[in-house]
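Peer 1:
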Amino acid sequence: MTDRLSADDTPAIATKEDAAVTAYDALSDAGCDAVVTSMPRRTRSTWIVPATSEDSSWRVHIDPRTGKTRIVETPE
Numbered sequence: 018m019t020d021r022l023s024a025d026d027t028p029a030i031a032t033k034e035d036a037a038v039t040a041y042d043a044l045s046d047a048g049c050d051a052v053v054t055s056m057p058r059r060t061r062s063t064w065i066v067p068a069t070s071e072d073s074s075w076r077v078h079i080d081p082r083t084g085k086t087r088i089v090e091t092p093e
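For the sequence shown, counting from 1, position 58 maps to 75 in the numbering used here; every step adds exactly one.
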């Protein structure tokens, strides 16, 4: 079984910078204000980007192949 990223094997989210921007945009689109993202880390199948605001904290999980995001609120 192979795990192809895409036709040209180029991931949609290839760098830490791409991941941080994607996480920020996802949180902004969800109505979160004054968001600060921390250093993204890459696992085998996802980017994980910690983020905080004055009121909340989250982890944004990003599929590197598609750029699809999932926001998980974390306890402070």
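Every residue, glycine too, gets a C-beta built ideally from N, C-alpha and C. Quantities reported herein were computed from a predicted structural model and do not represent experimental measurements.
1. Counting only runs of 3+ residues fully inside the region 59 to 84, write out the beta strand (DSSP E) ranges in chain order.
2. My understanding is that residue 37 touches residue 54, with C-beta atoms under 8 Å, so please give their C-beta distance in whole angstroms.
3. If you follow the alpha helix (DSSP H) that residue 91 is in, where does it begin and where does it stop?
4. Quick check on residue 52: buried or exposed, where buried means 16 or more other Cβ atoms within 10 Å of its Cβ?
5. Kindly list the residues whose CB is nearer than 7 Å to the CB of residue 23, restricted to its own chain and excluding five residues on each side of it in sequence; keep chain order.
Peer 2: Taking the definition as stated:
1. 64 to 69, 74 to 79
2. 5 Å
3. Residue 91 -> not in any alpha helix (DSSP H); beta strand (DSSP E) instead, spanning 86 to 91.
4. buried
5. Below a pLDDT of 50, predicted positions are generally treated as unreliable, and residue 23, at 46, falls in that range; no measurement from the model is reported.
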